[in-house]
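Protein sequences, first through last, are from chains A and B. Our numbering applies: residue 99 is where the first sequence begins, and numbers increase by one. Our numbering applies: residue 5 is where the second sequence begins, and numbers increase by one. Backbone N, C-alpha and C define an ideal beta-carbon position, used for all residues, glycine too.
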Amino acid sequence: MTLLTDTWYVAKRELIKFLRTKVRVVVTLIQPILWLGLMGNMMGKVFDNPYVAQAMGVTNYMAFMTPGIIIMTVLFGGVFGGISIVWDRRVGYLEKLLAAPIHRGAIPFGKTLAVMIQNGIQVLAIVGIASAFGVHFETGFAGILGLMVIAMFFGAILSSISLSLAASIKTMETLMALVNFLTMPLMFTSTALFPSEAMPGWLAAIARFNPVTYAVGPIRELVIHGWDWSKILPGFAVIVGLAILLMLISQMIFQRATTD
Amino acid sequence: MSKTIEVTDLVKVYRNGVRAVDGISFSVDKGEIFGFLGPNGAGKSTTIKILIGLVNATEGKLLVNGIDITKHPTEIKRATGYASQETAIDDRLTAWENITLQGRYYHLSGREIRTRSEEILKMFDLYERRNDLAETFSGGMLKRLDIAEALIHQPQILFLDEPTLGLDVQTRKVIWTYIKRLREEHGMTIFLTTHYMEEADTLCDRVTIIDRGTIKAIDRPEALKEQLGGDVISVSFAGDADPADVLERIMKVPHVLAIERNGNGTHRIMVSEEGERIVPQLFTLCEKEGITIDAVSLKKASLDDVYLHYTGHAMRDSDETKETHFKARMMRGRARRK
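Take a look at the structure:
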């Protein structure tokens, strides 16, 4: 019980700041508008060609792209878990937390919970914007909740990775550079923006093992096709399993890094 | 008087091999303001961090309120409050949000948090600004809020690590009045570290002089100064003249206790009393020996002199690490943003 309440109060602080930082909220809304408005419209014309659409297996590029935008937003937002730890260490807030009788694991868990909730809010914003661009969500409200859960667990993966790195990295600049170094290739070697049919063989092979593909797959299924559990569950299980594993690892690394 | 803190043969060696604390022993009485005075890297902060359970001791016995820290760290955390030298306030939160979250970290009920937050913020004259973002606060207000937060769970012992680092002299004195009030009105035991001599002199009942991980002296500030004598004559000689004979003869003059040579070539003559009568004798002796005095000053012994006496070196700014400069800059930066 203490772990849960401690985790919540660590997360609460981050959430108050997130909602107070208007720039981050505005960027959350603008980025999907730009991606869907520019890239979606531009590529949509290409996929209007029935031959291209048939060859790639994509009939509505805007709907195809929406899961990619969701995962991309989550992918780049995950870094904030680690950044907040680096900042807290720098200004002494981490010491203050460690001096309090809270469960030590609540600190990384709380940071990750905050990232997950922020991701959930961002996903809802993207869903709203995509709807405004005419994207129809095949599985309705329940499907939107489902894709939100997948995106949130995917956010937990990224947050856990950045938290694990933050345990040994002392500056935010280094951490951001390192996380960007990891996230950019993850994004472009996945099926987030293009179907595997459009990729050369080697890239399609990499995409098959990329966790981003496992997150995008079930979300795309929920947006475009419907409740086909055989296509939703495998990806969902991989993402949730990986998230839990990495959260536990980040917690262990954090405990070790804060014990001297 | 009962002992609140008892430390015996404390040693801390960090993973990188740095021996930050090297076999120190001391005790702190209940209701005492006890100070650690020393430059950066002396082992002050490490000692505090060990006492509040942030860092593990390599060796030694540590009792806080009679409880072994290593066996009951959570119990110790509930009995102690800690304000670090960084002023760890989240400036994107209001004062109220900062202090109430701190209450949550100490597992207080909502009712306790509301009552105590109101009480403490009023005590530190911050209640009127409780709904303002901390980023609008001056450096002194931030420090007050930081100390206020450390009191939310009503600790018996308050640890303050460099409580006035980076603050201007006027603000520093304001913080001192709040620290004194905590002891006078609440009987709180306060353990603080500082590298400001005046702070140690003004606030502390007893001062520990610590240098390179070892304790050089522990006593009341007045007693430490008395040990050196009442006056200090600082004298520097012109040219390359060897003043050995002059100094030898000065040592034989009544009331002269000791003569020390500083790194910068100045000699310090410790005198128990009547320093002003010894200065003319010094001039006379030098004249006889054909030695010219370049500069001379007479002053009452201060903690600076005590520190110099026990450690053999002055506590200069150059001792400050880059990290401490960063912290001081941050404090000043926060203050400017008010």
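Could you tell me which chain B residues have their CB closer than 8 Å to the CB of ARG306(A), listed as they occur along the chain? In the first sequence, counting from the first residue as 1, residue 306(A) sits at position 208. Here the premise fails: no neighbours, minimum Cβ distance about 42 Å.
What's the call for VAL144(A), buried or exposed, on a 16-neighbour Cβ count within 10 Å? Translated into positions along the first sequence, residue 144(A) becomes position 46. Exposed, by the Cβ-count rule.
Proximal chain B residues relative to PRO206(A), where beta-carbon distance stays under 8 Å: Stepping through the first sequence from its first residue, residue 206(A) is reached at position 108. Correct list: empty, because the minimum Cβ distance to chain B is about 15 Å.
Contact defined as beta carbons within less than 8 Å: I believe PHE40(B) pairs with LYS34(B). What is the distance between those atoms, to the nearest angstrom? The count along the second sequence starts at 1 and reaches residue 40(B) at position 36. The count along the second sequence starts at 1 and reaches residue 34(B) at position 30. Incorrect: roughly 18 Å between the Cβ atoms, too far for contact.
Enclosing beta strand (DSSP E) for PHE252(A) [first to last residue]: Translated into positions along the first sequence, residue 252(A) becomes position 154. Segment 238-264 is the alpha helix (DSSP H) holding PHE252(A); no beta strand (DSSP E) there.
Taking only beta-carbon atoms, is GLY190(A) less than 8 Å away from chain B? Mapped onto the first sequence, residue 190(A) falls at position 92. Under the 8 Å criterion on CB atoms, GLY190(A) is classed as interfacial with respect to chain B.
Could you name the residues of the stretch 193-222 of chain A whose beta carbon sits closer than 8 Å to any beta carbon of chain B, in the order they occur along the chain? Against chain B - using a Cβ distance shorter than 8 Å - the residues of the stretch 193-222 of chain A are GLU193, LYS194, LEU195, LEU196, ALA197, ALA198, PRO199 and ILE200.
Between the CA atoms of ARG202(A) and MET350(A) - distance to the nearest angstrom: For the purposes of this step, residue 350(A) is taken as the residue at position 252 of the first sequence. For the purposes of this step, residue 202(A) is taken as the residue at position 104 of the first sequence. In a straight line, the C-alpha of MET350(A) is about 10 Å away from that of ARG202(A).
Bounding residues of the alpha helix (DSSP H) (the contiguous stretch that carries SER49(B)): Translated into the one-based positions of the second sequence, residue 49(B) becomes position 45. Element bounds for SER49(B): 48-55.
Give a yes or no on whether the minimum CB-CB distance between SER88(B) and chain A is below 8 Å. The residue given as residue 88(B) occupies position 84 in the second sequence. For SER88(B), the answer is yes, since a Cβ of chain A falls inside 8 Å of its Cβ.
Option nearest VAL283(B) by Cα separation, candidates SER306(B), LEU251(B), HIS313(B) and VAL310(B): The count along the second sequence starts at 1 and reaches residue 283(B) at position 279. Closest option to VAL283(B), Cα to Cα, is LEU251(B).
So, PHE112(B) versus HIS157(B), is the Cβ gap smaller than 8 Å? Taking the second sequence and counting its residues from 1, one reaches residue 112(B) at position 108. Taking the second sequence and counting its residues from 1, one reaches residue 157(B) at position 153. The sequence shown places Leu at residue 112(B), not Phe. The answer is yes: Cβ separation under 8 Å.
Cβ contact check for the stretch 242-257 of chain A and the stretch 221-230 of chain A: 3 or more pairs under 8 Å: With a cut-off of 8 Å, the stretch 221-230 of chain A and the stretch 242-257 of chain A count as touching, because enough Cβ pairs lie within range.
Inter-residue spacing [alpha-carbon to alpha-carbon] between PHE241(B) and LEU261(B): Indexing the second sequence from 1 puts residue 241(B) at position 237. Indexing the second sequence from 1 puts residue 261(B) at position 257. In a straight line, the C-alpha of PHE241(B) is about 20 Å away from that of LEU261(B).
Applying a beta-carbon distance threshold of less than 9 Å, which residues of chain A neighbour LEU97(B)? Your numbering for residue 97(B) matches position 93 in the second sequence. In chain order: ARG111, ILE114, LYS115 and ARG118.
Which residues bound the alpha helix (DSSP H) around PHE116(A)? For the purposes of this step, residue 116(A) is taken as the residue at position 18 of the first sequence. Where PHE116(A) is concerned, the enclosing alpha helix (DSSP H) stretches over 100-118.
Of all Cβ atoms in chain A, is any one closer than 8 Å to the Cβ of ASN60(B)? Here the question's residue 60(B) lines up with position 56 in the second sequence. Output row for ASN60(B): interface = yes.
Excluding five sequence neighbours on each side, which residues of the same chain lie with their C-beta closer than 6 Å to the C-beta of ARG120(B)? Mapped onto the second sequence, residue 120(B) falls at position 116. Only ILE156 meet the Cβ criterion.
Indicate the three-state DSSP secondary structure (helix, strand or coil) for GLU122(B) in the structure shown. What you label residue 122(B) is simply residue 118 of the second sequence in a count that begins at 1. The answer is helix: DSSP assigns GLU122(B) an H, G or I state.
Alpha carbon to alpha carbon, what distance is there between THR270(B) and ILE103(B)? On the second sequence, residue 103(B) is found 99 positions in, with the first residue counted as 1. On the second sequence, residue 270(B) is found 266 positions in, with the first residue counted as 1. Taking C-alpha positions only, ILE103(B) is separated from THR270(B) by approximately 50 Å.
Just to confirm before moving on: does the CB-CB distance between LEU186(B) and LEU307(B) stay below 8 Å? The count along the second sequence starts at 1 and reaches residue 186(B) at position 182. The count along the second sequence starts at 1 and reaches residue 307(B) at position 303. Not a contact, by the Cβ cut-off of 8 Å.
Partner residues on chain B for ASP146(A), Cβ-Cβ distance less than 8 Å: What you label residue 146(A) is simply residue 48 of the first sequence in a count that begins at 1. Identification of chain B residues near ASP146(A) by a Cβ-Cβ cut-off of 8 Å yields none; the smallest Cβ-Cβ distance measures about 46 Å.
ILE56(B) and TYR86(B) look like a contact to me (Cβ under 8 Å); what is the Cβ gap, rounded to whole Å? As a working note, residue 56(B) is residue 52 in the second sequence. As a working note, residue 86(B) is residue 82 in the second sequence. Confirmed, about 5 Å.
Looking at the C-beta of LEU105(B), does it have a partner C-beta in chain A at a distance below 8 Å? Counted from its first residue, the second sequence places residue 105(B) at position 101. Under the Cβ criterion of 8 Å, LEU105(B) is counted among the residues facing chain A.
Classify ARG19(B) as helix, strand or coil using the three-state DSSP reduction. As a position in the second sequence, residue 19(B) is number 15, starting the count at 1. Three-state DSSP puts ARG19(B) in coil, outside helix and strand.
Take the Cβ of ALA335(A) as the centre, count every other Cβ of all protein chains shown within 10 Å, and call the residue buried at 16 or more, exposed below. Your numbering for residue 335(A) matches position 237 in the first sequence. Looking at its Cβ environment, which holds fewer than 16 other Cβ atoms inside 10 Å, ALA335(A) is exposed.
Same chain, Cβ closer than 8 Å to ILE227(A), neighbours up to 5 away in sequence not counted: Translated into positions along the first sequence, residue 227(A) becomes position 129. The answer, listed in chain order, is LEU127, PRO130, ILE131 and LEU134.
From the DSSP output, which residues share a beta bridge with ALA262(B)? Looking up residue 262(B) in the second sequence gives position 258. In DSSP, ALA262(B) forms a bridge with MET274(B).
Against chain A, does ASP321(B) count as a neighbour if the rule is that its beta carbon must be under 8 Å from one of theirs? The sequence position of residue 321(B) within the second sequence is 317, counting from 1. Low confidence applies here, because ASP321(B) scores a pLDDT of 42, under 50, leaving its location unreliable; read the following figure in that light. In terms of beta-carbon proximity, ASP321(B) stays away from the interface with chain A, with every pair separated by 8 Å or more.
Using a threshold of 8 Å, state whether the C-beta atoms of LYS303(B) and VAL236(B) are closer than that. As a first step, residue 303(B) is located in the second sequence; it is residue number 299 there, counting from the start. As a first step, residue 236(B) is located in the second sequence; it is residue number 232 there, counting from the start. For LYS303(B) and VAL236(B), yes; Cβs fall inside 8 Å.
Less than 8 Å between the beta carbons of THR289(A) and ALA305(A), yes or no? Position 191 of the first sequence, counted from the first residue, corresponds to residue 289(A). Position 207 of the first sequence, counted from the first residue, corresponds to residue 305(A). Note that the C-beta distance between THR289(A) and ALA305(A) is below 8 Å.
From THR212(B), ILE183(B), HIS259(B) and ALA83(B), residue whose alpha carbon lies closest to that of GLY279(B): Within the second sequence, residue 279(B) is the residue found at index 275, counting from 1. Among THR212(B), ILE183(B), HIS259(B) and ALA83(B), the Cα nearest to that of GLY279(B) belongs to HIS259(B).
Excluding sequence positions up to five away, which residues of its chain have a Cβ less than 7 Å from the Cβ of GLY179(A)? Translated into the one-based positions of the first sequence, residue 179(A) becomes position 81. LYS209, THR210, VAL213, SER257, SER260 and LEU261.
Is LEU301(A) near the ligand COA, judged by its Cβ being under 7 Å from some heavy atom? Looking for the ligand COA in the displayed structure turns up nothing, as the structure carries no ligands at all.
Is there a Cβ of chain A sitting closer than 8 Å to that of LYS81(B), yes or no? Numbered from 1 along the second sequence, position 77 holds the residue referred to as residue 81(B). Taking Cβ atoms only, chain A reaches closer than 8 Å to LYS81(B), which makes this a yes.
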